[in-house]
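Below is one structure; the comments refer to it alone.
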Amino acid sequence: MSTNRKVALIGAGPGDLDLLTLKGKEYLRKADCIIYDRLCNKKMLELASSKCEMIFVGKANHHHTLPQDKINELLFEKSKEYDFVVRLKGGDPYVFGRGGEEALYLKERGVLVEIVPGVSSSIAVLADAGIPITHRGLAKGFQVITAHSRKDEPTNIDFTQLMDEEVTLVFLMGLAHVGEIAKGLISAGRAADTKAAVVSNGTTNHQRKVVGTLSNIESLARKAGLESPSIIVVGNVVELADQLDFFEKRPLFGKRFFLPKIVSFNYKLETGITEILYNELEERLEKDGAEVVTVVTGKIKPVECDLGFLELATTGDYIVFTSGNGVRSFFWNLFEKQGRDIRAVSNFRFAVVGEKTAAILREFGIVADLIPEKQTGAELAELLKKNVNAGEAIHWLCGKVQSPEFEKTLGSDYALNKIVCYENVQNELTISDELKEEIRKCDGAIFTSGSNAKAVAGITFPDKVFSIGPSCTAVLKGQGVNEVTEAVDASYDGIINILRY
1 MSTNRKVALI
11 GAGPGDLDLL
21 TLKGKEYLRK
31 ADCIIYDRLC
41 NKKMLELASS
51 KCEMIFVGKA
61 NHHHTLPQDK
71 INELLFEKSK
81 EYDFVVRLKG
91 GDPYVFGRGG
101 EEALYLKERG
111 VLVEIVPGVS
121 SSIAVLADAG
131 IPITHRGLAK
141 GFQVITAHSR
151 KDEPTNIDFT
161 QLMDEEVTLV
171 FLMGLAHVGE
181 IAKGLISAGR
191 AADTKAAVVS
201 NGTTNHQRKV
211 VGTLSNIESL
221 ARKAGLESPS
231 IIVVGNVVEL
241 ADQLDFFEKR
251 PLFGKRFFLP
261 KIVSFNYKLE
271 TGITEILYNE
281 LEERLEKDGA
291 EVVTVVTGKI
301 KPVECDLGFL
311 ELATTGDYIV
321 FTSGNGVRSF
331 FWNLFEKQGR
341 DIRAVSNFRF
351 AVVGEKTAAI
361 LREFGIVADL
371 IPEKQTGAEL
381 AELLKKNVNA
391 GEAIHWLCGK
401 VQSPEFEKTL
411 GSDYALNKIV
421 CYENVQNELT
431 ISDELKEEIR
441 KCDGAIFTSG
451 SNAKAVAGIT
461 FPDKVFSIGP
471 SCTAVLKGQG
481 VNEVTEAVDA
491 SYDGIINILR
501 Y
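For the sequence shown, counting from 1, position 258 maps to 258 in UniProt numbering; every step adds exactly one.
Here's what the structure looks like:
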């Protein structure tokens, strides 16, 4: 076996993608094979190379995809096949995660092992539920206890060791035993009115919790229909749950939206082209607390194009971008395909459709000369008409398929050189009946382009449909969606504003 080969046991954290450590992200990108559990956020797998082998070994409701001894064997076999294997485990590998067993098994067989700690759910879930695990005057320490047991068997917990009222008790993997835990603590001497809470799907945007006492926490959890994974917490700190639940007070928390998206790309001189896996709007919705159901309708890819106009330019000619994709594609062509640098555009002025595109242009060291107040192709065309002089040309770096509003508004009186530098390669979508039902139950559907609307035509949308702008709205109405709420400002900010208020 190569001495360079290694298995890394990585803690995926409690569920929130942003709680994955920086080292964890780096290792997922480098992995040749990832062996992962049920409780890991599936978006973490999108960080991996397209060549990486993915193997699911999780379990749910006592049903193991693979028993632990077989997981150990699998790790060893894959360590012989690949240079770098990642074992991705929910929470932290060593907090009731059997990471120690896996590490010892591999070490005994001469495999190099590295442990990458993860944020434990025992702390993070409580924090996002508004419950600090310790608090001066309320809790001087904490105990973390596994409530897991064999199916249909009682937990093996000595409740007489859990009597200190100044110590927060955290029970992991114990939803099925919440009543047994409460009764056991009361029988051992804890007061029936001791504060208790159950938090389900903690740190995710479908987190739910109930707060009560040992006497009623079982009935509250059952009535709320909480599901695994859940954490049970007992102690004085639970009384702060309503005051410190900042996570649950985000403007879109508890909402669920359907968002068809197009996977884009990034380009930087130092790194070249990389795929952008996460739609910016998707990330913003999630940071506002919403749960987002997505389907990928296509991928934006740069296209090699003719930049001969650079040699023929006269001072004052404009280069125009109606999207960030155009900016990145242009400079990819300029730098990578032609081997030139920024001096090639020194005679030009630049016009962009909005602040977002202007920000991407600044990444390449250029400040836009023209930005319309309203971020639409039509407004950009009107602004150009006021600033372009006779004899000056407009070079539009655009996609293969574009909304006609920019070109139509500009009209035929101006010398427009249309240069296709990127394209949207459409996916062949197959949407399962299960996903269709999931989409229908969302609080709303969000569309950021007409092409996205066309890609999912024929499925039933939620009652509320949101559109980024006029051309997108026109496509939706052409498909029979009559009730559409359109953003005042055709931007992601505009979408967020109509959802928040």
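Where is the CB? At the ideal position from N, CA and C, for every residue including glycine.
Nearest to Glu428 by alpha-carbon distance, out of Ala455, Val116, Ser403 and Asp83, is Ala455.
Separation of Ser50 and Ile10 (C-alpha to C-alpha, rounded to the nearest whole angstrom) is 20 Å. Separation of the CB atoms of Ile34 and Ala12 is rounded to 10 Å, and the pair is thereby denied contact status at 8 Å. Following the DSSP letters along the chain, one finds Phe309 inside the alpha helix (DSSP H) bounded by residues Phe309 to Leu312. In chain order, Glu291 place their CB closer than 7 Å to the CB of His206, counting only its own chain and leaving out the 5 sequence neighbours on each side.
Per the DSSP secondary-structure output, Thr485 pairs in a beta bridge with Phe466.
Taking C-beta separations shorter than 8 Å and ignoring five residues to either side along the sequence, the partners of Phe76 in its chain run Tyr105, Leu106, Arg109 and Val111, following chain order. Remark: C-beta atoms of Gly469 and Ala453 do not approach each other more closely than 8 Å.
Under the criterion of beta carbons closer than 8 Å, Ala191 and Glu114 do not qualify as touching, at roughly 46 Å. In the displayed model, Val263 falls within a strand according to three-state DSSP. The secondary-structure analysis by DSSP pairs Thr294 across a beta bridge with Leu259. Lys89 is bridged by DSSP to Gly11.
Straight-line spacing of the CA atoms in Asp32 and Asp193 works out to 52 Å. Secondary structure at Ile394: strand, using DSSP grouped into helix, strand and coil.
Taking Ile319 as the centre and dropping the five residues before and after it, the same chain places the C-beta of Val345, Phe348, Phe350, His395 and Leu397 closer than 7 Å to its C-beta, in chain order. In the structure shown, Thr160 falls within a helical segment according to DSSP collapsed to helix, strand and coil. When C-beta atoms of the region 177-188 are compared with those of the region 211-231, three or more pairs fall below 8 Å, so the two segments count as touching.
Distances from the alpha-carbon of Ala393 to those of Tyr278, Leu384 and Gly141 put Leu384 closest.
Look at Leu74 here: in three-state DSSP terms it is helix. Per DSSP, Ala182 is one residue of the alpha helix (DSSP H) stretching across Val178 to Ala188.
Every alpha helix (DSSP H) stretch that sits fully inside the region 314-394 and reaches 4 residues is listed by chain position as 324-332, 355-362 and 377-387. In the pairwise beta carbon analysis, the region 219-238 is classified as not touching the region 261-281: fewer than three pairs are separated by under 8 Å. Under the three-state reduction of DSSP output, Leu175 falls in the helix class.
For Thr213, no alpha helix (DSSP H) encloses it; the enclosing beta strand (DSSP E) starts and ends at Arg208 to Thr213.
In terms of Cβ geometry, Gly202 and Ser121 form a close pair [threshold 8 Å]. Annotation: the continuous beta strand (DSSP E) that includes Leu416 extends over Ala415 to Gln426. With fewer than 16 other Cβ atoms inside 10 Å of its own Cβ, Ala457 counts as exposed. The shortest CA-to-CA distance from Glu101 to any of Lys78, Gln426 and Pro67 is the one to Pro67. At the C-beta level, Pro93 and Gly118 come within 8 Å of one another. By the C-beta density criterion, Lys287 is exposed, having fewer than 16 other C-beta atoms within 10 angstroms. Within the model, the alpha-carbon separation for Thr460 versus Leu435 is close to 11 Å. The Cβ atoms of Leu28 and Met54 do not sit closer than 8 Å to each other.
Under the Cβ criterion (8 Å, minimum of three pairs), the region 130-141 counts as touching the region 234-252. Straight through space, the alpha carbons of Asp493 and Glu483 are spaced by roughly 21 Å.
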